[in-house]
Amino acid sequence: MSTLTVNDISKSFYGLKAVRGVSFEVGPGQMMALIGPNGAGKSTCFNMLNGQLRPDTGSVHFHGQDITGDTPSQIWRRGVGRTFQIAQTFGSMTVRENVQMVLHSLNRRLWGLWSPLMSGYAAEADALLEAVGMLDQADRACCVLAYGDVKRLELAMALANRPRLLLMDEPTAGMAPKERNELMGLTARLVKEMGLSVLFTEHSVDVVFEHADAVVVMSRGELIASGSPEEIRENPLVQEVYLGTGAFLESSDMGQ
Ligand code: ADP
Ligand code: MG
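Once you know that position 107 of the sequence shown is 122 in the numbering used here, the rest is easy, because the numbers rise by one and skip nothing.
Here it is as structure tokens:
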């Protein structure tokens with residue numbers, strides 16, 4: 016059974032068809048990239064999968080269960096994770112405390128356990144921080160971290176929720192090319208180890224082709240191609256829609 020089955024979803028904003036009849040599947044353990052030029056409808060798709068937006072048509076199934084129109088917290092409880100926005104949480108808290116906070120709320124949700132907020136789950140938090148290479152910064156306040164380190168912490172916090180599917184809309188936005196590649200390489204390794212699935216968007220073709228094992232392509236609200244990175248790289252329609260110049264392979268940046 017596929018992890019996520021997206022069937023014919025559409026969304027309009029004031030008459031503008033942002034997403035039109037999009038269908039695709041994410042398989043177990045798959046690291047799938049959703050790519051396309053700016054305005055293609057990628058974020059609108061993500062928001063229909065995570066519950067922020069209700070699709071006008073179609074359905075979304077997660078492990079065979081219909082989650083269409085469920086709220087973000089219902090979908091999150093079923094095991095669909097997202098990267099946190101640290102800026103919106105507690106910048107004065109330490110790196111470790113931020114992960115502990117997620118573990119605390121997860122355990123309360125799963126088991127009804129209550130524990131004083133900052134005393135529990137330190138070992139589990141440190142294991143996650145070690146996995147993302149942030150253990151040496153565990154006692155630092157989040158607000159002093161470098162941008163790339165914030166992104167690694169966000170990944171640790173998303174994984175702390177033990178998702179079965181991770182949705183990452185532009186996880187490397189604002190990062191330098193080398194950092195992007197490192198973050199997605201790290202994500203790819205961890206998701207393989209933990210056996211979860213990922214759907215992510217990414218502007219750099221180099222990063223997509225290096226780390227995705229499947230790719231779906233959107234343009235003007237529609238899905239125009241899906242396949243392996245090799246198939247997508249050679250797809251003439253994708254090359255045409257993407258850059259209009261056939262310069263797909265030489266470009267290291269898509270969209271913006
Ligand atoms: P992408 O993430 O691929 O860049 P989006 O899904 O953000 O594309 O946007 C797709 C289209 O929908 C764009 O034309 C955008 O302006 C429009 N759009 C997205 N969200 C809204 C909204 N909340 N209200 C009105 N129009 C929106
Ligand atoms: Mg977007």
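C-beta: ideal position from N, C-alpha, C; glycine also.
| Query | Result |
| --- | --- |
| Does the distance between the C-beta of Gly-54 and the nearest non-hydrogen atom of the ligand SAM fall short of 8 Å? | Among the ligands modelled here, namely the ligand ADP and the ligand MG, the ligand SAM does not occur. |
| Quick check: is any heavy atom of the ligand ADP less than 8 Å from the C-beta of Gly-3? | Look at the range of the chain in this structure, 16 to 271, and you will see that residue 3 is not part of it. |
| Following a CB-centred definition, is Asp-184 positioned closer than 8 Å to any heavy atom of the ligand MG? | yes |
| Would the stretch 197-206 and the stretch 145-163 be scored as touching if the rule is three or more Cβ pairs under 8 Å? | yes |
| Is the Cβ-Cβ distance between Ala-191 and Ala-48 less than 9 Å? | no |
| When you compare each of Thr-216, Leu-201, Gly-210, Tyr-162 to Pro-186 by their alpha carbons, which one comes out closest? | Thr-216 |
| Hey, would you say Leu-168 sits closer than 9 Å to Val-110, going by beta carbons? | yes |
| Do Ile-50 and Val-231 have their CB atoms nearer than 9 Å? | yes |
| Which ranges does the beta strand (DSSP E) cover as unbroken runs of at least 3 residues, wholly within the stretch 186-226, from first to last along the chain? | 212-215 |
| Over the uninterrupted alpha helix (DSSP H) stretch that includes Ala-171, give me the two end residues. | 162-175 |
| Which whole-angstrom value is the C-beta distance of Pro-43 and Val-95, which I expect to be below 8 Å? | At roughly 14 Å, the Cβ-Cβ gap does not stay under 8 Å, so Pro-43 and Val-95 are not in contact. |
| Would you mind reading off the limits of the alpha helix (DSSP H) that contains Asn-62? | 57-64 |
| Are there 16 or more other CB atoms within 10 angstroms of the CB of Cys-60, so buried, or fewer, so exposed? | buried |
| Between which two residues does the beta strand (DSSP E) holding Ser-88 run? | Taken as a continuous stretch (DSSP letters only), Ser-88 belongs to no beta strand (DSSP E), being part of the alpha helix (DSSP H) at 87-93. |
| Pull up the distance between the alpha-carbon of Met-63 and that of Ser-17, whole angstroms please. | 18 Å |
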